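Under the working numbering, the residues of the sequence shown are numbered 32 to 169, in order.
Okay, so here's the structure we're looking at.
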Amino acid sequence: MIGRLNHVGVATPSIDEAVKLYRDVLGATSIGEKFKMEEQGVWVCFVDLPNSQIELIEPIDESSTITGFLKNNPLGGQHHICFEVEDLLAARDDMVAKGARVLGEPRIGAHGTPIIFIHPKDMGGMLVELMQTPEAAH
Ligand code: CO
């Protein structure tokens, strides 16, 4: 059911510092501008790779959804992994039917398409984001 690996979400205390790592040390050449995702309380910045993306996530403030993660991982680190699905609502229903805990209601993610998150305890220890495949990718 899952399709392409869309991105790996990486939490960081500073997108500006993380961009230096991806650009200057790892040599990434296509890095977007950071932008605010108000509802999630995070800044987001995408690093384009030939086959996927890294989604850098920095908390806007203490109330952010990733503040707790950064307390446990002060340097930042892999936060979630995002797979594309053809039909997000069908995927959500399928996950629920199989007993996986879906976190919250579907919402619009950083790519402008509906997303859900699945509890790491039902995903082998990994927070999984499912994202409806963007139209442009078809
Ligand atoms: Co993501």
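No residue lacks a Cβ here, since even glycine has one placed at the ideal position from N, Cα and C.
As the structure is a prediction and not an experimental result, all values here were calculated from the model.
Classify residue i as helix, strand or coil using the three-state DSSP reduction.
i, result
"Arg138", "strand"
"Leu57", "coil"
"Asp153", "helix"
Please report the distance separating the alpha-carbon of residue i from that of residue j.
i, j, result
"Pro44", "Glu160", "21 Å"
"His38", "Gly58", "18 Å"
"Asn103", "Ile46", "18 Å"
Thinking residue i and residue j are a contact (beta carbons under 8 Å), I'd like their distance in whole angstroms, please.
i, j, result
"Leu87", "Ala141", "Contact flag wrong, Cβ pair sits at about 11 Å."
"His110", "Ile97", "6 Å"
"Met32", "Asp125", "7 Å"
"Glu70", "Arg138", "7 Å"
Can you tell me where the alpha helix (DSSP H) with residue i in it begins and where it stops?
i, result
"Met162", "First-last for Met162: Val159 to Gln163, but that is the beta strand (DSSP E), not the alpha helix (DSSP H)."
"Ile46", "Ile46 to Lys51"
"Ala122", "Leu119 to Ala128"
"Lys65", "Note, Lys65: premise wrong, no alpha helix (DSSP H); not H, not E."
In the DSSP assignment, find the unbroken beta strand (DSSP E) run with residue i in it and report its ends.
i, result
"Leu87", "Gln84 to Pro90"
Three-pair Cβ contact test at 8 Å for the segment 77-91 versus the segment 143-151: They do not touch, by the three-pair rule.
Touch test, the segment 151-165 against the segment 111-120, Cβ-Cβ under 8 Å, three pairs minimum: Short answer: they touch.
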